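**Q** My questions will all concern the structure given below.
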Amino acid sequence: MTHSVSVTVPATTANLGPGFDCIGAALTLYNRFKFTHQDEVAIHVTGTESDRVRTDNSNLVYRSFVKLYEHIGQNPPSVHIDIAMDVPLARGLGSSATAIVGGLVGGNLLAGEPLDTTAVMELAIALEGHPDNVVPALLGGCRLAASVETLSRQRWEICDVPWHESVVPVVAIPDFELSTAEARRVLPSEVSRADAIFNTAHLGLLLRGLETGNEDWIRAALQDRLHQPYRQALIRGYEVVQQAAVDAGAYGLVVSGAGPTLLALTNPRQAEPVIEAIAQTWQQVGVKAQVRSLEIDNQGARSSNEVA
C-alpha cells in the first residue's frame, strides 16, 4: 500500500498597517502539497512560477518536513512531494509560510500526528522567525500573536480577530518582486516613543474596526509609522496608487507583508471601482498588476489521508 497525505494552505496578508510582525489574515488563495511514501526523495512543482522553485533538498517544504521529524526524534521517510502553486513568490502573500506550514503538517500526518496544533504552530513560528504569516496560514482567519516570556521559555498567545463581513480585502499583486530581507533592511533599528504610542493606538483601533466594520475607524487605523513609511519607496507608484484607491472608495491602502503586493480594504459596493482604479493607475506608471478581491479563509491548513 502507498500512503499519501494532501495539505492545502492559504496565502496570508500580514501587518495590516499598524500591526507590524504581530497580525495577519488568511486569504482565499492557496498552495497545495501532496506527500507520498516512496523509495527516494523527489519534488515536483506545478503552477504559478513553478520553474523558480527548487526541487532539491534545499526546498523549503522538504526542509520543514525534515524539521518535523528531527523535532520528534525520528528519521524522515523518503517521500515524493507534489506542489501545486497559486501563491506567487516574494510578493508579500506568505508563500514561504505556506511552504513551512505545508511541510510541517504533512510530516506530522505521515508520522501519525505526534504533535498537536499548538506544537506545530510553535515549530512553524520558530522556522519563520515571526508569527504573523504562519499562524493564520495554519489556523485560518485573522490572528493576533503575542509572545509570553516566562522563566522557562517563550510561548505564544494567539487571539482570533473577528473580521466583519462588510470589510473586503483587495490584493494588488505587481509584476515585480521584493524580498523580505530587502524590505527589512530599510527599517530603522529604533523608533521614538511617540511612534510606538501612535502604532499601539492605531492597532487597537484596527481590531475594533475589523470587528465592527466601522468605516471611520478602519480609515484611521490603517495609518502606520513603524514600517510603511520606509518601505513605500521600494514600491514604484505607491503614493499615486494609494490615492487612486482611496478616491475610488477604499478605506485605505497598505503594504501586504513585506510587499510589494498592496492590500486595500473597502466595502462590497466599492470593491470593483477600487480594483479598476488600482490596476489602471499602476499601469500608468509602468507596472502590470493582478488586482482582485478575495475573502478571509477561516479554515486555515486543511489535510486528507489517502491509502492506495
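Numbering follows full-length UniProt numbering, in which position 266 of the sequence shown is assigned residue number 266; successive positions increment by one, without gaps. Just so you know, even glycine gets a beta-carbon here, dropped at the ideal spot from N, CA and C. Just so you know, these numbers come straight off a predicted model, no measurement behind them.
Which of the three DSSP states, helix, strand or coil, is assigned to T13?
**A** Strand, per DSSP.
**Q** Just grab the DSSP bridge partners of F33 for me.
**A** F33 is bridged to V7 and I83.
**Q** Rounded to a whole number of angstroms, what is the C-alpha to C-alpha distance between P88 and S96?
**A** Going from the Cα of P88 to the Cα of S96 covers about 10 Å.
**Q** Using a threshold of 8 Å, state whether the C-beta atoms of V170 and V274 are closer than that.
**A** Closer than 8 Å, so yes.
**Q** Quick one: what's I296 bridged to in DSSP?
**A** The partner list for I296 (beta bridge, DSSP) reads L27.
**Q** DSSP three-state call for R185: helix, strand or coil?
**A** If DSSP states are grouped into helix, strand and coil, R185 belongs with the helices.
**Q** Within the UniProt domain "GHMP kinase C-terminal" (207 to 282), note down every full beta strand (DSSP E) run reaching 3 residues or more, in order along the chain.
**A** Correct list: 252 to 255 and 262 to 266.
**Q** Roughly how far, in whole angstroms, is the beta-carbon of G300 from the beta-carbon of A137, given that I think they are within contact range, below 8 Å?
**A** Yes, they are in contact, since the Cβ atoms of G300 and A137 sit about 7 Å apart, within 8 Å.
**Q** Would you mind sorting S6 into buried or exposed? The rule is 16 or more other CB atoms within 10 Å of its CB.
**A** It is buried - the Cβ of S6 has at least 16 other Cβ atoms within 10 Å.
**Q** To the nearest angstrom, how far is it from the Cα of V161 to the Cα of V168?
**A** The alpha-carbon atoms of V161 and V168 are separated by roughly 15 Å.
**Q** Of all the options K67, T281, G259 and G73, which has the alpha carbon lying nearest to the alpha carbon of L178?
**A** Checked all of K67, T281, G259 and G73; the closest Cα to L178 is G259.
**Q** Taking only beta-carbon atoms, is L187 less than 8 Å away from chain D?
**A** Considering every chain present, this structure includes no chain D. It has just one protein chain.
**Q** Which of helix, strand or coil does DSSP assign to T46?
**A** Here T46 sits in strand by DSSP.
**Q** Is Y154 helix, strand or coil by DSSP?
**A** The residue you asked about is not Tyr; residue 154 is Gln in the sequence shown. Strand at Q154.
**Q** Can you check DSSP and say which residues form a bridge with S304?
**A** In DSSP, S304 forms a bridge with S6.
**Q** Could you spell out where the alpha helix (DSSP H) holding L68 opens and where it closes?
**A** Element bounds for L68: L60 to H71.
**Q** How far does the beta strand (DSSP E) with S147 in it reach, from first residue to last?
**A** Looking at the DSSP string, the run of the beta strand (DSSP E) that includes S147 is C142 to E149.
**Q** Quick check on DSSP: helix, strand or coil for Q38?
**A** It is coil, neither helix nor strand.
**Q** For A97, does the three-state DSSP call read helix, strand or coil?
**A** Residue state, collapsed to three classes: helix.
**Q** Identify, in the order they occur along the chain, each residue of the same chain with its Cβ nearer than 6 Å to the Cβ of V9, setting aside the five sequence neighbours on each side.
**A** The residues are N31, T98, V101, G102, A137 and A301.
**Q** Buried or exposed: which applies to P188, given that a residue is buried once 16 or more other Cβ atoms fall within 10 Å of its Cβ?
**A** Looking at its Cβ environment, which holds fewer than 16 other Cβ atoms inside 10 Å, P188 is exposed.
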